[in-house]
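Chemist: Mind looking over this structure? Questions follow.
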Amino acid sequence: MESISWRTAAITAVAPIAWGSTYVVTEQLLPPDRPLFAAVVRALPAGLLLLAYRRRLPQGDWWWRSAVLGVLNIGLFFPLIFLAAYELPGGLAATLQATMPLAVMAVAWRLLRERPGAARIAAALVGILGVGLLVLRSPGQVSTVGLLAAFGSVAVTAVGFVLLKRWEPPVDMVTLVSWQLVAGGLVLVPVALAVEGAPPAIDLPATAGFLWLGVVGTILAYTCWFHGLTRMPAGAVSLIGLLNPVVGTLLGVAFAGELFGWAQALGMALVLGGVVAGQPAVAAAVRRHRATRRTASVPPTTPRELVGAGARRE
């Protein structure tokens, strides 16, 4: 069971590792100031491609459930996260996103009666502290719109992830991802046209950026993420999401010339420690260790004690 948990955690970790590239790709490759257009191009083509591949439509209640999940996890989350990436420094946006584990734990406690436990809450707080150190920068003037977008993205995905876990989808993860991407993308199309107007010209770098975000950052990432979400506690999965700013920071150092010093190194260690400490396999290992210590602390019963006990009974 423990090996299955670690394997599931490793698969789930593919998602935040891929998502960590969102900020640098958005800043370096995509058309500026078009968050709704970017969200549509990221979601709808990928969803239609997967739907054509799986050839399976929702049935019964899953028509409206897919629509709700698509709006929360895609239709609202994508434009909000792109807006935060456009309006805020990447480090600050990542720090605000790091509050997601606590938000997911709170919603899961309410809707699933899934108690996070002190250890997992502590792991989340350590992770937030680590992200804060990891992306330690002087943010300058902070955009109110960017802050609202970042916190909004945390709220909608916390509800969307927990609802997905509560409803227990009857299909494989690829099919489930296709339903959500199509639903979210279709909702975004008229909004993007009304707010941003006609699509902008797409050059070769933007094409490469959209392909990366669509294939790796969406199809692969969401399939791996929902794989973990349906098999592990919601709080443990959300802690794995803290790998996102770790990857974002490393990519910023590699491609944007950002500085990396002792504070970032300490932050990375805290984030990784928080992610590991909050996993079910670690909790199981701690419980086994405590049980072993309790067993070892009980003195063994000797033959003489057994004889004495028998004599007393007689």
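Residue numbers (our numbering): 22 to 335.
Note that beta-carbon positions come from the ideal geometry of N, C-alpha and C, so glycine has one too.
Nothing here was measured: the structure is a model prediction, and the numbers come from that model.
Touching or not, the stretch 211–224 and the stretch 164–176, by the rule of three or more beta carbon pairs under 8 Å?
Modeler: Flag = no, the stretch 211–224 and the stretch 164–176 do not touch.
Chemist: So, do the stretch 62–74 and the stretch 228–237 have three or more beta carbon pairs nearer to each other than 8 Å?
Modeler: They touch, by the three-pair rule.
Chemist: If you reduce the DSSP assignment to three classes, tell me which class glutamate 135 lands in.
Modeler: Glutamate 135: coil per DSSP, three-state reduction.
Chemist: If we call anything under 9 Å between Cβ atoms a contact, is glycine 96 one with alanine 204?
Modeler: Yes; because the gap between Cβ atoms is below 9 Å, this pair is in contact.
Chemist: Name the two residues that bound the continuous alpha helix (DSSP H) containing arginine 187.
Modeler: Its alpha helix (DSSP H) spans residues 165–188.
Chemist: Roughly how many angstroms separate the alpha carbons of leucine 264 and tyrosine 243, rounded to a whole number?
Modeler: About 15 Å.
Chemist: Tell me, please, whether the stretch 137–151 touches the stretch 249–259 by the rule of three or more beta-carbon pairs shorter than 8 Å.
Modeler: The stretch 137–151 is in contact with the stretch 249–259.
Chemist: Specify the secondary structure class of proline 191 as computed by DSSP and reduced to three states.
Modeler: DSSP places proline 191 in coil when its eight states are reduced to three.
Chemist: Could you tell me whether the Cβ atoms of glycine 41 and proline 266 are closer together than 9 Å?
Modeler: Yes, the pair counts as a contact, with Cβ atoms nearer than the cut-off.
Chemist: What is the DSSP secondary structure of serine 159, counted as helix, strand or coil?
Modeler: Bear in mind that the predicted position of serine 159 carries a pLDDT of just 47, short of 50, making it too unreliable to give a figure here.
Chemist: Looking at the structure shown, is leucine 109 part of a helix, part of a strand, or coil, going by DSSP?
Modeler: Three-state result, leucine 109: coil.
Chemist: Got a sec? Which residues, its chain only, sit under 6 Å from glycine 147 by beta carbon, not counting five neighbours each side?
Modeler: Per the sequence presented here, residue 147 reads as valine, with glycine not at that position. Leu291, Gly295.
Chemist: Glycine 282: buried (16+ other C-beta within 10 angstroms of its C-beta) or exposed?
Modeler: Per the 10 Å Cβ criterion, exposed.
Chemist: Using the three-state DSSP reduction, which class does glycine 218 fall into: helix, strand or coil?
Modeler: Three-state result, glycine 218: coil.
Chemist: When the distance is taken between beta carbons, is leucine 123 closer than 9 Å to proline 56?
Modeler: It is not a contact, given that the beta carbons lie outside the stated cut-off.
Chemist: Nearest-angstrom Cα distance between glycine 81 and leucine 209?
Modeler: Rounded to the nearest angstrom, the two C-alpha atoms are 24 Å apart.
Chemist: Consult DSSP for isoleucine 223 and reduce its assignment to one of helix, strand or coil.
Modeler: The answer is coil: DSSP assigns isoleucine 223 none of H, G, I, E or B.
Chemist: Is it true that the CB of threonine 196 sits closer than 9 Å to the CB of arginine 86?
Modeler: Cβ atoms of arginine 86 and threonine 196: not closer than 9 Å.
Chemist: Look at the alpha carbon of arginine 252 and the alpha carbon of tryptophan 246, and state the distance between them as a whole number of angstroms.
Modeler: Approximately 10 Å, taken between the alpha carbons.
Chemist: According to the Cβ coordinates, are proline 37 and tryptophan 200 closer than 9 Å?
Modeler: Cβ atoms of proline 37 and tryptophan 200: not closer than 9 Å.
Chemist: Would you tell me roughly how many angstroms separate the C-alpha atoms of arginine 75 and threonine 239, rounded to the nearest one?
Modeler: When rounded, the distance between both Cα atoms is 16 Å.
Chemist: How would you label proline 99, buried or exposed, when you count the other beta carbons within 10 angstroms and need 16 or more for buried?
Modeler: According to the sequence as given, residue 99 is phenylalanine; it is not proline. Label assigned to phenylalanine 99: buried.
Chemist: If I measure Cβ to Cβ from leucine 51 and keep anything under 6 Å in the same chain, skipping five residues before and after, which residues do I get?
Modeler: Hits under 6 Å: Ala59, Ala227, Gly230.
Chemist: So, for methionine 194: in the same chain, excluding its five sequence neighbours on each side, which residues have a beta-carbon less than 7 Å away from its beta-carbon?
Modeler: Taken in chain order, the residues that qualify are Thr244, Phe247, His248.
Chemist: Alpha carbons only, please: which of Val198, Gly68, Leu184 is nearest the one belonging to arginine 134?
Modeler: Per the Cα distances, Leu184.
Chemist: Who are the near neighbours of glutamine 49 in its chain, counting only those whose CB is closer than 8 Å to its CB and skipping five residues on each side?
Modeler: Once the five neighbours on either side are set aside, the close Cβ partners of glutamine 49 are Pro226, Gly230, Phe276, Ala277.
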